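Residues 124 to 461 (the numbering used here) are what the sequence shown spells out, left to right.
Reviewing the structure listed below.
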Amino acid sequence: MRRNGKPGLRLVAALLATLLIHGVAVAAGLRCSGHNLLEELRTSAPESYERVADAAKATINASALLWRIEREGVRPSHLLGTIHLTDDRVTTFSPRLAAIIDAADTVALEIADVSPEATQAAMAKAGNMTVLGDGRRLDRMLSAEHFDKVQKVLARAGVPEVAAKVFQPWVATMIMSVSDCERRSAMKGKLVLDAKIAAAARKKRKPVVGLETIEGQLAAMASVPEDQQLDMLRVGAVYSDRIEDQLETLLQLYVRREIGAAWPLQLEFAEKAGVPRTQLGGFEKRVVIDRNHLMSERAGPMLEKGNVLIAVGALHLPGENGLVNLLRQAGYTLTPLE
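Pasting the structure below:
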(Lines of atoms letter the chains of each structure in order from A; the text may use other names.)
(Lines give C-alpha, C1' and ligand atoms only; values in the text may rest on other atoms or scores of the structure.)
Protein backbone atom coordinates (compact mmCIF):
# COMPACT_ATOMS: atom_id res chain seq x y z
CA MET A 124 0.00 0.00 0.00
CA ARG A 125 1.16 3.54 -0.72
CA ARG A 126 0.29 6.81 0.89
CA ASN A 127 1.18 10.07 -0.86
CA GLY A 128 3.14 8.05 -3.41
CA LYS A 129 5.45 6.57 -0.79
CA PRO A 130 5.88 2.82 -0.22
CA GLY A 131 4.26 1.69 3.04
CA LEU A 132 6.57 1.37 6.02
CA ARG A 133 5.83 -2.33 6.43
CA LEU A 134 6.77 -2.96 2.80
CA VAL A 135 10.01 -1.01 3.24
CA ALA A 136 10.71 -2.87 6.50
CA ALA A 137 10.28 -6.22 4.79
CA LEU A 138 12.51 -5.16 1.89
CA LEU A 139 15.26 -3.91 4.21
CA ALA A 140 15.12 -7.02 6.36
CA THR A 141 15.59 -9.18 3.27
CA LEU A 142 18.50 -7.07 2.01
CA LEU A 143 20.30 -6.89 5.34
CA ILE A 144 19.93 -10.53 6.35
CA HIS A 145 19.85 -12.52 3.14
CA GLY A 146 20.73 -10.19 0.29
CA VAL A 147 19.26 -10.88 -3.13
CA ALA A 148 20.37 -12.73 -6.22
CA VAL A 149 22.75 -10.80 -8.46
CA ALA A 150 23.90 -11.27 -12.00
CA ALA A 151 25.94 -14.37 -12.67
CA GLY A 152 29.56 -14.11 -13.63
CA LEU A 153 30.53 -11.33 -11.21
CA ARG A 154 34.18 -11.42 -10.21
CA CYS A 155 34.45 -11.72 -6.44
CA SER A 156 37.76 -9.99 -5.90
CA GLY A 157 39.14 -6.55 -5.25
CA HIS A 158 42.27 -4.47 -4.95
CA ASN A 159 43.81 -3.06 -1.78
CA LEU A 160 43.11 0.68 -1.97
CA LEU A 161 45.69 1.52 0.69
CA GLU A 162 48.46 -0.16 -1.30
CA GLU A 163 47.19 1.63 -4.39
CA LEU A 164 47.40 4.92 -2.50
CA ARG A 165 51.03 4.21 -1.64
CA THR A 166 52.03 4.62 -5.28
CA SER A 167 49.32 6.95 -6.60
CA ALA A 168 49.30 9.46 -3.72
CA PRO A 169 52.27 8.96 -1.36
CA GLU A 170 51.38 11.97 0.79
CA SER A 171 47.88 10.61 1.39
CA TYR A 172 49.33 7.21 2.19
CA GLU A 173 51.69 8.71 4.76
CA ARG A 174 48.84 10.60 6.44
CA VAL A 175 46.88 7.36 6.80
CA ALA A 176 49.95 5.44 8.01
CA ASP A 177 50.80 8.12 10.58
CA ALA A 178 47.24 8.22 11.89
CA ALA A 179 47.20 4.42 12.14
CA LYS A 180 50.46 4.38 14.11
CA ALA A 181 49.06 6.98 16.50
CA THR A 182 45.93 4.88 17.19
CA ILE A 183 46.32 2.88 20.40
CA ASN A 184 45.24 -0.75 20.77
CA ALA A 185 45.00 -1.26 17.00
CA SER A 186 47.42 -4.15 16.44
CA ALA A 187 45.41 -7.02 17.95
CA LEU A 188 41.88 -8.36 17.56
CA LEU A 189 41.71 -10.93 20.35
CA TRP A 190 42.32 -9.84 23.95
CA ARG A 191 42.27 -11.53 27.36
CA ILE A 192 40.38 -9.56 30.04
CA GLU A 193 41.48 -10.07 33.64
CA ARG A 194 40.81 -8.70 37.10
CA GLU A 195 41.70 -10.21 40.46
CA GLY A 196 39.03 -12.48 41.85
CA VAL A 197 37.20 -12.89 38.53
CA ARG A 198 37.63 -15.61 35.93
CA PRO A 199 39.29 -14.27 32.75
CA SER A 200 37.10 -13.25 29.83
CA HIS A 201 37.94 -12.40 26.23
CA LEU A 202 37.26 -9.62 23.73
CA LEU A 203 37.25 -10.22 19.97
CA GLY A 204 37.03 -7.66 17.20
CA THR A 205 34.99 -9.09 14.34
CA ILE A 206 34.32 -8.16 10.75
CA HIS A 207 30.87 -8.56 9.22
CA LEU A 208 31.97 -10.52 6.15
CA THR A 209 31.59 -14.12 4.95
CA ASP A 210 35.09 -14.52 3.48
CA ASP A 211 36.87 -17.71 4.57
CA ARG A 212 39.95 -15.68 5.46
CA VAL A 213 38.08 -14.25 8.45
CA THR A 214 35.42 -16.86 9.25
CA THR A 215 37.90 -19.69 9.84
CA PHE A 216 38.47 -19.81 13.60
CA SER A 217 42.02 -19.94 14.88
CA PRO A 218 42.67 -22.85 17.29
CA ARG A 219 42.83 -20.36 20.17
CA LEU A 220 39.51 -18.72 19.29
CA ALA A 221 37.81 -22.09 18.83
CA ALA A 222 39.02 -23.14 22.29
CA ILE A 223 37.77 -19.86 23.82
CA ILE A 224 34.31 -20.34 22.32
CA ASP A 225 34.21 -23.91 23.59
CA ALA A 226 35.24 -22.88 27.10
CA ALA A 227 33.15 -19.69 27.47
CA ASP A 228 30.11 -19.70 29.74
CA THR A 229 28.45 -16.93 27.71
CA VAL A 230 28.97 -15.32 24.30
CA ALA A 231 28.02 -11.66 23.98
CA LEU A 232 27.61 -10.14 20.51
CA GLU A 233 26.48 -6.71 19.41
CA ILE A 234 23.05 -8.23 18.74
CA ALA A 235 21.89 -11.65 19.89
CA ASP A 236 19.09 -12.18 17.37
CA VAL A 237 19.57 -11.02 13.78
CA SER A 238 16.96 -13.37 12.35
CA PRO A 239 14.79 -12.05 9.48
CA GLU A 240 11.80 -11.92 11.83
CA ALA A 241 13.63 -9.87 14.47
CA THR A 242 15.12 -7.55 11.88
CA GLN A 243 11.82 -6.98 10.11
CA ALA A 244 10.07 -6.26 13.41
CA ALA A 245 12.76 -3.72 14.34
CA MET A 246 12.54 -2.07 10.92
CA ALA A 247 8.77 -1.77 11.26
CA LYS A 248 9.18 -0.08 14.65
CA ALA A 249 11.86 2.21 13.23
CA GLY A 250 9.26 3.88 11.02
CA ASN A 251 10.45 7.26 9.83
CA MET A 252 14.03 6.55 10.86
CA THR A 253 14.38 4.59 7.62
CA VAL A 254 12.07 6.54 5.27
CA LEU A 255 12.04 10.23 4.40
CA GLY A 256 8.92 12.17 5.33
CA ASP A 257 7.18 15.42 4.42
CA GLY A 258 7.34 14.67 0.71
CA ARG A 259 11.14 14.77 0.64
CA ARG A 260 12.98 12.53 -1.81
CA LEU A 261 16.55 11.40 -1.97
CA ASP A 262 16.79 12.10 -5.70
CA ARG A 263 16.06 15.76 -4.94
CA MET A 264 18.58 15.96 -2.10
CA LEU A 265 21.49 14.70 -4.22
CA SER A 266 22.79 15.83 -7.58
CA ALA A 267 21.44 13.88 -10.53
CA GLU A 268 24.88 12.36 -11.07
CA HIS A 269 25.22 11.19 -7.47
CA PHE A 270 21.69 9.81 -7.24
CA ASP A 271 22.11 7.95 -10.51
CA LYS A 272 25.18 6.18 -9.11
CA VAL A 273 23.41 5.42 -5.83
CA GLN A 274 20.30 4.12 -7.58
CA LYS A 275 22.31 1.80 -9.82
CA VAL A 276 23.99 0.15 -6.83
CA LEU A 277 20.70 -0.14 -4.95
CA ALA A 278 19.02 -1.61 -8.03
CA ARG A 279 21.65 -4.36 -8.14
CA ALA A 280 20.79 -5.05 -4.49
CA GLY A 281 17.15 -5.48 -5.43
CA VAL A 282 15.83 -2.08 -4.34
CA PRO A 283 13.06 -0.69 -6.61
CA GLU A 284 13.65 2.90 -7.73
CA VAL A 285 10.53 4.09 -5.93
CA ALA A 286 11.98 2.81 -2.64
CA ALA A 287 15.46 4.16 -3.34
CA LYS A 288 14.02 7.66 -3.67
CA VAL A 289 12.51 7.67 -0.19
CA PHE A 290 15.18 5.92 1.87
CA GLN A 291 16.91 7.97 4.52
CA PRO A 292 20.48 8.69 3.36
CA TRP A 293 22.03 6.41 6.01
CA VAL A 294 19.94 3.48 4.80
CA ALA A 295 21.18 3.90 1.23
CA THR A 296 24.76 4.18 2.48
CA MET A 297 24.39 1.00 4.55
CA ILE A 298 23.04 -0.98 1.59
CA MET A 299 25.83 0.34 -0.64
CA SER A 300 28.47 -0.82 1.85
CA VAL A 301 27.72 -4.47 1.01
CA SER A 302 29.21 -5.78 -2.20
CA ASP A 303 27.31 -7.78 -4.81
CA CYS A 304 29.54 -10.76 -4.09
CA GLU A 305 28.83 -10.60 -0.35
CA ARG A 306 25.11 -10.70 -1.13
CA ARG A 307 25.61 -13.68 -3.39
CA SER A 308 27.60 -15.41 -0.67
CA ALA A 309 24.81 -14.78 1.83
CA MET A 310 22.30 -16.22 -0.63
CA LYS A 311 24.36 -19.42 -0.62
CA GLY A 312 23.99 -19.62 3.14
CA LYS A 313 27.47 -18.50 4.22
CA LEU A 314 27.59 -16.76 7.59
CA VAL A 315 29.47 -13.62 8.54
CA LEU A 316 32.00 -14.07 11.35
CA ASP A 317 29.65 -12.85 14.11
CA ALA A 318 26.87 -15.20 13.03
CA LYS A 319 29.31 -18.11 12.78
CA ILE A 320 30.47 -17.48 16.35
CA ALA A 321 26.85 -17.40 17.52
CA ALA A 322 26.10 -20.65 15.68
CA ALA A 323 29.13 -22.37 17.23
CA ALA A 324 28.12 -21.22 20.70
CA ARG A 325 24.51 -22.32 20.32
CA LYS A 326 25.64 -25.68 19.04
CA LYS A 327 27.41 -26.10 22.40
CA ARG A 328 24.20 -24.93 24.14
CA LYS A 329 25.84 -21.78 25.43
CA PRO A 330 23.82 -18.59 26.03
CA VAL A 331 24.22 -15.97 23.30
CA VAL A 332 23.29 -12.47 24.47
CA GLY A 333 23.37 -9.01 22.92
CA LEU A 334 25.00 -5.82 24.15
CA GLU A 335 22.61 -3.85 21.96
CA THR A 336 19.30 -4.20 20.14
CA ILE A 337 18.60 -3.84 16.44
CA GLU A 338 16.41 -0.85 17.26
CA GLY A 339 19.27 0.76 19.15
CA GLN A 340 21.68 0.32 16.24
CA LEU A 341 19.17 1.77 13.80
CA ALA A 342 18.57 4.73 16.11
CA ALA A 343 22.31 5.38 16.36
CA MET A 344 22.69 5.53 12.59
CA ALA A 345 19.55 7.64 12.17
CA SER A 346 20.84 10.11 14.78
CA VAL A 347 23.73 11.23 12.57
CA PRO A 348 22.86 14.76 11.37
CA GLU A 349 21.16 14.62 7.99
CA ASP A 350 23.67 16.87 6.24
CA GLN A 351 26.43 14.49 7.33
CA GLN A 352 24.39 11.48 6.23
CA LEU A 353 24.08 13.05 2.79
CA ASP A 354 27.79 13.78 2.60
CA MET A 355 28.62 10.18 3.52
CA LEU A 356 26.27 9.03 0.78
CA ARG A 357 27.97 11.38 -1.69
CA VAL A 358 31.31 9.77 -0.84
CA GLY A 359 29.71 6.39 -1.44
CA ALA A 360 28.43 7.57 -4.80
CA VAL A 361 31.86 8.81 -5.89
CA TYR A 362 33.40 5.40 -5.09
CA SER A 363 30.38 3.31 -6.09
CA ASP A 364 32.41 1.44 -8.70
CA ARG A 365 34.97 0.37 -6.08
CA ILE A 366 32.82 -1.34 -3.47
CA GLU A 367 34.60 -4.67 -3.97
CA ASP A 368 37.94 -2.88 -3.55
CA GLN A 369 36.75 -1.17 -0.36
CA LEU A 370 35.75 -4.47 1.22
CA GLU A 371 38.93 -6.22 0.10
CA THR A 372 40.95 -3.38 1.64
CA LEU A 373 39.10 -3.64 4.94
CA LEU A 374 39.46 -7.41 4.90
CA GLN A 375 43.23 -7.22 4.35
CA LEU A 376 43.61 -4.62 7.11
CA TYR A 377 41.72 -6.97 9.41
CA VAL A 378 43.78 -10.04 8.53
CA ARG A 379 47.03 -8.08 8.92
CA ARG A 380 45.92 -6.61 12.27
CA GLU A 381 46.17 -3.08 10.85
CA ILE A 382 42.64 -2.03 11.71
CA GLY A 383 43.90 1.35 12.93
CA ALA A 384 44.21 2.43 9.30
CA ALA A 385 40.55 1.79 8.44
CA TRP A 386 39.02 5.04 9.68
CA PRO A 387 41.89 7.34 8.59
CA LEU A 388 41.62 5.80 5.11
CA GLN A 389 37.89 6.54 5.04
CA LEU A 390 38.59 10.16 5.98
CA GLU A 391 41.23 10.44 3.26
CA PHE A 392 38.88 9.21 0.56
CA ALA A 393 36.11 11.47 1.82
CA GLU A 394 38.40 14.45 1.38
CA LYS A 395 39.36 13.31 -2.11
CA ALA A 396 35.62 13.11 -2.91
CA GLY A 397 35.21 16.74 -1.89
CA VAL A 398 33.72 16.07 1.56
CA PRO A 399 35.49 17.67 4.56
CA ARG A 400 36.74 15.24 7.18
CA THR A 401 34.62 17.01 9.79
CA GLN A 402 31.47 15.88 7.99
CA LEU A 403 32.17 12.32 9.10
CA GLY A 404 32.44 13.37 12.73
CA GLY A 405 28.79 12.69 13.47
CA PHE A 406 29.11 9.12 12.26
CA GLU A 407 32.21 8.49 14.34
CA LYS A 408 30.60 9.90 17.49
CA ARG A 409 27.07 8.46 17.20
CA VAL A 410 27.82 5.11 15.57
CA VAL A 411 31.23 4.28 17.04
CA ILE A 412 32.20 6.26 20.15
CA ASP A 413 28.78 6.57 21.84
CA ARG A 414 28.09 2.89 21.23
CA ASN A 415 31.52 1.95 22.62
CA HIS A 416 30.60 3.56 25.95
CA LEU A 417 27.19 1.87 25.93
CA MET A 418 28.68 -1.55 25.17
CA SER A 419 31.33 -1.10 27.87
CA GLU A 420 28.63 -0.35 30.45
CA ARG A 421 26.48 -3.31 29.43
CA ALA A 422 29.47 -5.66 29.40
CA GLY A 423 30.29 -4.77 33.02
CA PRO A 424 27.92 -7.22 34.78
CA MET A 425 28.94 -10.03 32.42
CA LEU A 426 32.62 -9.41 33.08
CA GLU A 427 31.95 -9.46 36.83
CA LYS A 428 30.67 -13.03 36.44
CA GLY A 429 33.68 -13.90 34.28
CA ASN A 430 34.39 -16.32 31.44
CA VAL A 431 32.46 -14.41 28.77
CA LEU A 432 33.51 -13.94 25.15
CA ILE A 433 32.58 -10.48 23.88
CA ALA A 434 32.64 -10.28 20.08
CA VAL A 435 31.90 -6.93 18.43
CA GLY A 436 32.97 -5.11 15.28
CA ALA A 437 36.71 -4.50 15.17
CA LEU A 438 36.35 -0.73 14.78
CA HIS A 439 34.95 -0.64 18.33
CA LEU A 440 38.25 -1.82 19.86
CA PRO A 441 41.04 0.70 19.08
CA GLY A 442 41.56 4.30 20.09
CA GLU A 443 41.18 6.40 23.22
CA ASN A 444 37.43 5.76 23.19
CA GLY A 445 37.73 2.14 22.08
CA LEU A 446 36.52 -0.80 24.15
CA VAL A 447 40.04 -1.93 25.05
CA ASN A 448 40.85 1.42 26.64
CA LEU A 449 37.40 1.81 28.23
CA LEU A 450 37.65 -1.60 29.90
CA ARG A 451 41.12 -0.75 31.18
CA GLN A 452 39.70 2.43 32.67
CA ALA A 453 37.06 0.28 34.37
CA GLY A 454 39.83 -1.60 36.20
CA TYR A 455 40.50 -4.58 33.93
CA THR A 456 43.84 -5.72 32.53
CA LEU A 457 43.68 -6.44 28.80
CA THR A 458 46.41 -8.45 27.13
CA PRO A 459 46.64 -8.92 23.34
CA LEU A 460 46.55 -12.56 22.20
CA GLU A 461 46.13 -12.41 18.41
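We put the CB at the ideal spot given by N, CA and C, even for glycine.
Bear in mind that the values here come from a model prediction, so they are computed numbers and not experimental data.
Counting along the chain, G204 sits inside no alpha helix (DSSP H); it lies in the beta strand (DSSP E) bounded by residues V197 to T205.
By the neighbour-count criterion, in which 16 or more other beta carbons inside 10 Å mark a residue as buried, T372 falls on the buried side.
Secondary structure in the region 313-349: the beta strand (DSSP E) runs of 3 residues or longer, each lying completely within the stretch, are 331-333 in chain order.
T458 counts as exposed, since fewer than 16 other C-beta atoms from the protein chains shown sit within 10 angstroms of its C-beta. The residue from Y455, K408 and V411 with its alpha-carbon nearest to that of E427 is Y455. The way I'd put it, the region 188-195 doesn't touch the region 347-365; fewer than three beta-carbon pairs between them come closer than 8 Å. Between the region 211-219 and the region 403-418, the count of C-beta pairs closer than 8 Å stays below three; the two stretches do not touch. In the displayed model, I412 falls within a helix according to three-state DSSP. For T458, the enclosing beta strand (DSSP E) begins and ends at T456 to P459.
Here P283 is exposed: its Cβ has fewer than 16 other Cβ atoms, across all protein chains shown, within 10 Å.
The DSSP-derived three-state label of A360 is helix.
With contacts defined as CB atoms closer than 8 Å, T166 and I234 fail to qualify as a contacting pair.
Under the three-state reduction of DSSP, I192 is assigned to strand.
Looking from the CA of K313, the closest CA among T229, D350 and T215 belongs to T215.
Collapsing the DSSP output to three states places A231 in a strand. Note on geometry: alpha-carbon atoms of A241 and A168 lie some 44 Å from one another. Excluding its 5 nearest sequence neighbours in each direction, A295 has C-beta neighbours in its own chain below 8 Å: L261, V273, L277, A287, L356 and G359, listed in chain order.
A contact between stretches requires three or more CB pairs, one per stretch, nearer than 8 Å, and the region 216-225 fails this requirement with the region 417-425.
For R325, same chain residues with a beta-carbon under 8 Å away, outside a window of 5 residues either side, are V331 in chain order. Secondary-structure assignment with DSSP links V254 through a beta bridge to F290. The alpha-carbon separation between L255 and L460 amounts to approximately 45 Å. The C-alpha of V175 is placed about 24 Å away from the C-alpha of V435. For L438, the secondary structure class from DSSP, reduced to helix, strand or coil, is helix. In its chain, beyond the 5 residues on either side, R212 and V213 have a beta carbon closer than 8 Å to the beta carbon of V378. Taking each of V447, A384, V410 and H439 in turn and checking the Cα distance to S171, the smallest one comes out for A384. The straight-line gap separating the alpha-carbon atoms of S363 and H269 is approximately 10 Å.
Bounds of the alpha helix (DSSP H) holding A179 are P169 to K180. Each of L450, A249, S186 and R263 was checked against the Cα of P424, and the nearest Cα belongs to L450. One Cα belongs to A323, the other to L316, and the distance between them is close to 11 Å.
Annotated three-state conformation of L208 is coil, per DSSP. G442 and E407 have their C-alpha atoms roughly 12 Å apart. With respect to A226, V431 sits apart: the two C-beta atoms are not nearer than 8 Å.
D262: member of the alpha helix (DSSP H) spanning L261 to M264, first to last residue.
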